[in-house]
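So the number in my numbering is just where the residue sits in the sequence shown, counting from 1, plus 22.
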Amino acid sequence: MPARNILVINCGSSSIKFALINEAHSDFLLSGLAERLGSPDAQLHWHRGGEKDSLILPNADHRVALAQVLPLVQSAAGGQLHGIGHRVVHGGEHFTAACRLDALSLSAIRATAPLAPLHNPANLLGIEAAIKLFPNLTQVAVFDTAFHQTLPEHAYRYALPEYLYREHGVRRYGFHGTSHRYVSQRAAELAGLPVGNSSWLVAHLGNGCSTCAIVDGQSRDTSMGLTPLEGLVMGTRSGDVDPNLHSHLARTLGWSLEQIDTLLNKDSGLLGLSGLSNDMRSLEQAREQGHAGATLAIEVFCYRLAKSLAAMSCALPQLDGLIFTGGIGENSPLIRSKTVAHLQLLGLALDEQANVSTVRGASGAIHAPGHPRVLVVPTNEERQIALDTLELLEA
Ligand code: ADP
């Protein structure tokens with residue numbers, strides 16, 4: 023059988039990211055982004071074999087943009103497209119693994135929308151457009167939450183009255199599951215350990231950030247909760263705050279729920295702390311030049327990350343290694359070094375030379391000899407979605 027091609031689609035409310043993956047190639051055959059959909063500035067950008075191109079598509083919606091992507095995909099795939107994998111943010115308690123898209127699974131994804139009102143409806147736009155354009159292809163949904171459905175109840179329940187969980191689904195779900203799963207499998211391969219008999223801490227550090235404790239290939243705890251706001255300091259998200267902050271701001275400043283929501287999701291995190299940027303690269307440069315806000319943002323980010331990893335260690339029987347991934351985890355020796363410095367009680371220490379040289383897509387070990395493993399493993403959520411899609415094609 024020739025190596026198969028899978029199109030991976032990740033839809034936001036006004037964007038579509040896509041990648042065409044061949045099971046035998048590590049590089050994408052085609053990848054791109056349609057952005058500002060629904061506006062006069064809608065555009066499509068793509069990369070294919072080292073070439074870049076783009077197209078202006080005024081007022082294009084998801085379906086128009088996907089229809090433009092279609093011939094690019096067919097040409098890059100040589101007319102052989104075998105399936106489509108869609109990223110879906112929230113699968114609630116219904117989805118414990120990837121699933122084929124049909125009337126039943128689509129209605130279950132729709133039913134989960136109240137848990138992810140910004141994300142699931144956007145994901146559905148892409149799914150519905152793709153089903154119309156490719157009615158005869160197998161299409162699969164891969165959920166950010168599914169990997170965390172193995173959390174034990176003591177890790178996923180909030181200390182709230184039970185009816186909020188039973189009747190309204192208020193519990194911890196966790197996100198970034200596709201990335202945590204992919205990098206923990208790769209780490210086990212790198213370390214020569216069986217995935218099914220190994221224990222990992224993972225720090226996924228991109229614009230959104232989360233930690234995860236993984237035992238024998240299963241998620242046992244994670245830092246994000248009901249929504250992707252809980253846990254670590256992120257680009258623009260606050261992570262954990264005192265839950266009474268909401269009533270405090272409402273009472274003392276008269277803020278509305280919408281204002282508080284915007285504050286915590288869009289104006290906080292690295293951006294709020296530094297007063298400068300949500301981008302770690304810019305903050306590292308500003309810190310070099312003595313910017314106080316950037317320096318503080320980096321200190322808080324690393325301390326809170328270390329605290330979360332130490333908390334996650336409660337879920338592990340032993341520590342086979344700590345894994346750094348995501349744009350910051352893969353590229354920032356400074357953040358890795360500062361974080362590990364807070365974790366001496368776990369016995370962690372870095373080989374600073376290995377730390378500094380493991381960047382830009384490199385994977386490898388960066389721990390000092392005789393100390394627990396610390397690994398850098400580039401994430402590849404698109405490849406994991408393609409692998410899940412291929413598995414369901416065979417099922
Ligand atoms: P997303 O979550 O949107 O996929 P990424 O995983 O690409 O985001 O991570 C984006 C973050 O990675 C940004 O804060 C960016 O500044 C940071 N980053 C990328 N390269 C570097 C670098 N060389 N040093 C420090 N941070 C970096």
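Cβ coordinates follow ideal geometry from the N, Cα and C atoms, glycine included. None of the values given here were measured: they were computed from a predicted structure.
Here the alpha carbon of Asn81 sits roughly 9 Å from the alpha carbon of Arg58.
At least one heavy atom of the ligand ADP lies less than 7 Å from the C-beta of Asp301. DSSP, reduced to helix, strand and coil, places Ser61 outside both helices and strands of the structure shown, so it counts as coil. Per the coordinates, the alpha-carbon of Ala384 lies some 11 Å from the alpha-carbon of Ala376.
The nearest non-hydrogen atom of the ligand ADP is 7 Å or more from the C-beta of Gly71.
The Cβ atoms of Ser241 and Phe169 sit closer than 8 Å to each other. In the three-state scheme derived from DSSP, where H, G and I count as helix and E and B as strand, Val255 is classed as coil.
Taking a C-beta distance under 8 Å as the contact criterion, Ala328 and Ser296 do not qualify as a contact pair.
For the options Asn353, Leu279, Gly253, the alpha carbon positioned closest to that of Met302 is the one of Asn353. Arg382 sits in coil when the DSSP states are folded into three classes, being neither helix nor strand.
A direct Cα-to-Cα measurement between Thr244 and Arg203 gives close to 12 Å. The shortest C-alpha to C-alpha distance from Asp83 to any of Asn287, Gly294, Ile38, His389 is the one to Ile38.
Take the alpha-carbon of Val217 and the one of Trp68: they are about 35 Å apart. Sequence-distant Cβ neighbours of Leu173 in its own chain, meaning closer than 8 Å and more than five residues away, are Arg194, Gly196, Ser241, Arg242, Asp243, Thr244. In chain order, Ala120, Val164 place their CB closer than 6 Å to the CB of Asp410, counting only its own chain and leaving out the 5 sequence neighbours on each side. Distances taken from the Cβ of Asn44 to the heavy atoms of the ligand ADP include none shorter than 7 Å. In the DSSP assignment, Asn44 is bridged to Asn27. With respect to the C-alpha of Thr317, the residue from Met334, Arg405, Leu293 having the closest C-alpha is Leu293.
Look at Asn32 here: in three-state DSSP terms it is strand. Not one heavy atom of the ligand ADP sits closer than 7 Å to the Cβ of Ile345. In this chain, the beta strand (DSSP E) harbouring Leu223 covers 221-227. When rounded, the separation of the alpha-carbon atoms in Ala144 and Glu413 is 25 Å.
Here the C-alpha atom of Tyr325 lies approximately 8 Å from the C-alpha atom of Lys360.
If you check the C-beta of Asn266 against the ligand ADP, you find no heavy atom less than 7 Å away. For Val111, the three-state secondary structure derived from DSSP is coil. Within the model, the alpha-carbon separation for Arg208 versus Val399 is close to 7 Å. Distance between Leu77 and Thr160, taken at the CA atoms: about 28 Å. Of the other Cβ atoms in all chains shown, 16 or more fall within 10 Å of the Cβ of Glu404; this residue is therefore buried. Taking the Cβ of Gly199 as the reference point, every heavy atom of the ligand ADP lies at 7 Å or farther away. The alpha helix (DSSP H) runs of length 4 or more contained entirely in the stretch 309-384 are, from start to end of the chain, 314-334, 348-353, 355-363, 374-379. Its Cα nearest to that of Gly191, the residue Tyr178 stands out among Thr200, His198, Tyr178.
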